[in-house]
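Have a look at the structure below before the remarks.
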Amino acid sequence: MNVYEIRGAFGLDNLVRAERPDPVPGPFQVRVRVKATSLNSRDLMMIEGRYNPRQKLPLVPNSDGAGVVDAVGPGVTRVKPGDRVMTLFAQAWQAGEPTKAITTTTLGGPLDGALADTMLLHEDGVVPTPAYLTDEEAATLPCAAVTAWSALVTQGGLKAGDTVLVQGTGGVSIFALQIARLSGAHVIVTSSRDDKLERALKLGAQEGINYVTTPDWEKAARTLTAGVGVDHVVEVGGSGTFEKSLKAVRVGGTVSVIGVLSGGAGSVSLIPILMQNLRVQGVLVGHRQSFEALTRAFALNDIHPVVDRVFPFAEARAAFEHMKQGAHFGKIVIKVS
Numbered sequence: 001m002n003v004y005e006i007r008g009a010f011g012l013d014n015l016v017r018a019e020r021p022d023p024v025p026g027p028f029q030v031r032v033r034v035k036a037t038s039l040n041s042r043d044l045m046m047i048e049g050r051y052n053p054r055q056k057l058p059l060v061p062n063s064d065g066a067g068v069v070d071a072v073g074p075g076v077t078r079v080k081p082g083d084r085v086m087t088l089f090a091q092a093w094q095a096g097e098p099t100k101a102i103t104t105t106t107l108g109g110p111l112d113g114a115l116a117d118t119m120l121l122h123e124d125g126v127v128p129t130p131a132y133l134t135d136e137e138a139a140t141l142p143c144a145a146v147t148a149w150s151a152l153v154t155q156g157g158l159k160a161g162d163t164v165l166v167q168g169t170g171g172v173s174i175f176a177l178q179i180a181r182l183s184g185a186h187v188i189v190t191s192s193r194d195d196k197l198e199r200a201l202k203l204g205a206q207e208g209i210n211y212v213t214t215p216d217w218e219k220a221a222r223t224l225t226a227g228v229g230v231d232h233v234v235e236v237g238g239s240g241t242f243e244k245s246l247k248a249v250r251v252g253g254t255v256s257v258i259g260v261l262s263g264g265a266g267s268v269s270l271i272p273i274l275m276q277n278l279r280v281q282g283v284l285v286g287h288r289q290s291f292e293a294l295t296r297a298f299a300l301n302d303i304h305p306v307v308d309r310v311f312p313f314a315e316a317r318a319a320f321e322h323m324k325q326g327a328h329f330g331k332i333v334i335k336v337s
């Protein structure tokens, strides 16, 4: 099997192509021939050593993959050879609340991930691919789409008529836009570029705020809601945007903390959270039940992921360089085979 490994030390310079023996499925295991894998900010941070500097190496990065089952071990009943499947981010998280043990079963660190042409997974760690999606589209769902679904639906209790503020136009944010519109919510999108805002409006967002020309975007969001504030903020910026998110949300509203693009360390006053009865929730992707609910909703409504660009397997490093530039809209995908 062909893989990419972070070998020796962290950094894109140490992302190297390698060969490993083909794995043989044991009891309740399935072997998946990977067709496509998508990139998340977490994957880039893992490669650069910013996500978990103590991660043991070598490591095959990437959480998200889609492919075809080509062999199964004894006792497997969920899938059969020939079935198209997607990876489950936390392999042991089927439903309910996460546990410390579950966090040790995540793909792309600490477990080997999907930047490979073959994966060996537990049968509970794969989810059927909706027939209407291509492998490249399906590979975008396991982390970004499930995270957005968990934030807004599973944990967020999103209702028709709610107003959702989405930060940026990366993978999680675009999925949040699509899910919010699917739920009948009103969507405000922020971005540093007007052309991206125009694309977001075409996807169904009602308003866009350029945070470069309007640095007080939290005030603009309150103005757009007649001074009330939004019901839900999908917070992907981290410490650089969190305080503004607290000011953009209404009394009793929700801020879902998902990303740390501007950094994970910072200081913020707790008084607004207390005095305005705000709900701040961290979102660790989601469990299998959320993933399956997402795929049913998407299939019923013919929702297609937004794919920014597809790179060949041989150009995996270029795909990560493209992500570092931050110019993408939606998801970046690597076609594996």
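Here the sequence shown is numbered in the UniProt record's numbering, starting from 1 and rising by one per residue.
Backbone N, C-alpha and C define an ideal beta-carbon position, used for all residues, glycine too.
Inter-residue Cα distance where the pair is residue i and residue j
i      : j      : result
Gln206 : Asp162 : 12 Å
Phe320 : Tyr4   : 13 Å
Pro25  : Val76  : 10 Å
Ala221 : Phe298 : 28 Å
Met46  : Asn62  : 9 Å
Leu177 : Met323 : 20 Å
Asp83  : Ser337 : 16 Å
Val233 : Gly73  : 44 Å
Asp43  : Pro142 : 13 Å
Arg224 : Val285 : According to the sequence shown, residue 224 is Leu rather than Arg. Their backbone Cα atoms lie some 30 Å apart in a straight line.
Gly204 : Ser239 : 28 Å
Asp13  : Asp112 : 19 Å
Leu278 : Lys80  : 46 Å
His122 : Val255 : 34 Å
Lys159 : Leu201 : 20 Å
Tyr51  : Thr190 : 25 Å
Arg78  : Gly8   : 37 Å
Val283 : Glu315 : 31 Å
Val172 : His287 : 16 Å
Ala114 : Lys247 : 39 Å
Asp64  : Thr214 : 35 Å
Leu270 : Val280 : 11 Å
Gly157 : Leu197 : 26 Å
Leu59  : Thr104 : 14 Å
Gln94  : Phe291 : 10 Å
Ala226 : Leu120 : 53 Å
Asp124 : Asp231 : 35 Å
Member of the options whose CA lies at the smallest distance from the CA of residue i
i      : options                          : result
Phe28  : Val234, Ser41, Ala71 and Ile102  : Ala71
Ala18  : Ala116, Leu300, Gly67 and Val69  : Ala116
Ala138 : Asn2, Val187, Val85 and Thr169   : Val85
Ile37  : Phe329, Gly330 and Phe311        : In the sequence as displayed, the identity of residue 37 is Thr instead of Ile. Closest option to Thr37, Cα to Cα, is Phe311.
Val187 : Arg78, Pro110, Tyr51 and Ile174  : Ile174
Arg317 : Asp302, Pro305 and Val333        : Val333
Ile6   : Val30, Glu48, Arg33 and Ile258   : Glu48
Glu243 : Lys331, Glu218, Lys159 and Gly65 : Glu218
Val306 : Thr87, Trp93 and Thr140          : Thr140
Val30  : Gln55, Thr87, Pro53 and Phe10    : Thr87
Val145 : Gly11, Ile258 and Leu274         : In the sequence as presented, Val is not what sits at residue 145; that position holds Ala. For the residues Gly11, Ile258 and Leu274, the minimum Cα distance to Ala145 belongs to Ile258.
Ala151 : Leu197, Val32, Thr99 and Glu235  : Glu235
Leu39  : Phe89, Lys196 and Pro53          : Phe89
Thr147 : Leu120, Asp124 and Ile179        : Ile179
Val126 : Gly11, Phe313, Val32 and Ala226  : Val32
Val164 : Gly253, Pro110 and Ser192        : Gly253
Cβ-based burial, residue i [other Cβ within 10 Å; buried from 16]
i           : result
Val16       : exposed
Tyr132      : exposed
residue 340 : The chain is shown only over 1 to 337; residue 340 falls outside these bounds and no answer can be derived.
Arg296      : exposed
Ile209      : buried
Arg212      : Note that residue 212 corresponds to Val in the displayed sequence, not to Arg. Val212 should be labelled exposed.
Glu97       : exposed
His304      : exposed
Thr289      : The amino acid occupying residue 289 in the given sequence is Gln; Thr does not appear at that position. Exposed.
Asp194      : exposed
Thr129      : buried
Ser41       : buried
Ser245      : buried
Val268      : exposed
Asp216      : exposed
Ala185      : buried
Thr99       : exposed
Gly108      : buried
Leu274      : exposed
Beta-carbon contacts of residue i that lie in its chain and below 7 Å, excluding the five residues immediately before and after
i           : result
Gly326      : none
Lys35       : Ala66, Gly67, Val68, Asp135, Val336 and Ser337
residue 348 : In the structure as shown, the chain begins at 1 and stops at 337. Residue 348 is therefore absent and cannot be evaluated.
Leu182      : Ala297, Asn301 and Ile303
Lys331      : Ser38, Thr140, Ala144, Gly171, Pro305, Val306, Val307 and Asp308
Same chain, Cβ closer than 6 Å to residue i, five either side skipped, listed in chain order
i      : result
Val228 : Arg250
Gln276 : Val251
Neighbourhood of residue i by C-beta, 8 Å cutoff - its chain only, sequence neighbours within 5 removed
i      : result
Met1   : Glu19, Arg20, Pro21, Asp22, Pro23, Ala116, Asp117 and Thr118
Arg199 : Thr169 and Phe329
Ala293 : Trp149, Val153 and Thr154
Ser262 : Residue placement at Ser262 is flagged as unreliable, the pLDDT there being 47, under the threshold of 50; a coordinate-derived value is accordingly withheld.
Ala101 : Ala92
Residue i CB to nearest heavy atom of the ligand PLP below 8 Å
i      : result
His287 : The ligand PLP is not part of this structure, which contains no ligands at all.
Residue i at chain D interface by Cβ criterion, 9 Å
i      : result
Ala144 : Among the chains of the structure shown, chain D does not appear; only one protein chain is present.
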